[in-house]
Structures are given as structure tokens and as C-alpha cells.
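Beneath this line is the structure, given in C-alpha cells, with notes to follow.
In our numbering, the protein residues as written are 9 to 171.
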């Protein structure tokens, strides 16, 4: 529980994280096994992150996103790193075993689709969230229609030369 006007600050992986690995695994599994099952945990979307903050009761919320691309030697190196990071599949109904031939096919597909100069990219979307616990001292939005001038009038009186 945060104290009044306390800051909540968070960072987590977003929905576009590891999109290359997801597609390579899906294609390999379709080709080898005739179906697809999730091999990576689902991640939250940017809009959902903002909604979560609001539904949790935070005020003055802000959500920002960074996309970071990291180069790896191959898909197996990436998967080893993910295991060390603790980024396994947390889905309770997941398949426990993936045949070695499917993993090899996924690595080859990954290299073919995304590889460049002997490396493969792995995209990580990081969602940053900020929210403040409610407090009477926080700034509040003004009532609708209480503005002293209209944004429509903002550009009046200026030519393209003066902007």
C-alpha cells in the first residue's frame, strides 16, 4: 500500500517483445507438427498497461515505451539468455516438451527471416508506468469548458513565415 501521494514506478516487457522468436517458433511448429502452442509467456499491451493503472486507482498516470533490439549469435544463444533471465513460459497449460527437430527448424527460420551479418535480432519492448496514489493535494484537471482561450484560435494571426 502506497502512502498518500506516493509514487508507483514500474517497468515490464510489453506485447511486442520477442516477436521474431514467436513467429519463428510458430512457423516451425506448424511445419513440423501441424499446430501451434505458446512457448513464450504472454505480455501486456501498452493500452492495457495504462488501463491497469487507472483501474488500480492511480492518478496522474503516464505510460511510455522503449523498443530495444539486442543482437545474438543464434536462436539457441538467445534461448539460453532468456532462460538465465527467468523468461520461461509461465502459462500453466503449456506444452512441457518441444522436439529437438522443431527447435532446430525454428532456429533456421529465425536466421533466414531476420538474420543479418551472422547475428539475429531480438526485440524487447519495455513499458514504463508511473502513477501516483490519490491525494487531496494533487493537481486536478479543470472543468470542461473553463479554458480562457480556444485551441482553435492558437494559430490565428500567424503566417507560415512566423511559425
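The beta carbon of each residue, even a glycine, is placed where N, CA and C say it ideally should be.
In its own chain, which residues sit with a C-beta less than 7 Å from the C-beta of residue i, not counting the 5 before and 5 after it?
i	result
residue 84	115
residue 39	113
Use the C-beta contact count for residue i: other C-beta atoms within 10 angstroms, 16 or more gives buried, fewer gives exposed.
i	result
residue 113	buried
residue 150	exposed
residue 9	exposed
residue 37	buried
residue 14	exposed
residue 124	exposed
residue 159	exposed
residue 91	exposed
Quick one: residues in its chain with C-beta nearer than 6 Å to the C-beta of residue i, no 5 flanking neighbours on either side, listed in chain order?
i	result
residue 86	80, 130
residue 99	46
residue 33	47, 114
Round the Cβ separation of residue i and residue j to the nearest angstrom and send it over; I've been treating them as touching at under 8 Å.
i	j	result
residue 46	residue 102	6 Å
residue 24	residue 133	4 Å
residue 72	residue 122	Residue 72 to residue 122, Cβ: 26 Å. No contact.
residue 6	residue 53	Nothing about residue 6 can be reported from this structure: the residues present for the chain run from 9 to 171 only.
Going by C-alpha distance, which of the options is nearest residue i?
i	options	result
residue 18	91, 30, 35, 66	66
residue 140	20, 64, 41	64
residue 107	41, 26, 16	41
residue 75	97, 26, 43, 109	26
residue 20	49, 29, 35, 148	49
residue 61	162, 117, 16	16
residue 22	157, 109, 95, 155	95
residue 35	126, 162, 110	110
residue 11	156, 145, 29	145
residue 78	29, 162, 117	29
Can you name the residues that DSSP bridges to residue i?
i	result
residue 133	75
residue 67	140
residue 15	140
residue 124	127
residue 52	22
residue 157	Paired residue(s): none; residue 157 is not in a bridge.
residue 84	BP columns for residue 84 are empty, so no partner.
To which residues of the same chain is residue i closer than 8 Å at the C-beta, ignoring the five residues directly before and after it?
i	result
residue 89	80
residue 119	82, 83, 128
residue 43	37
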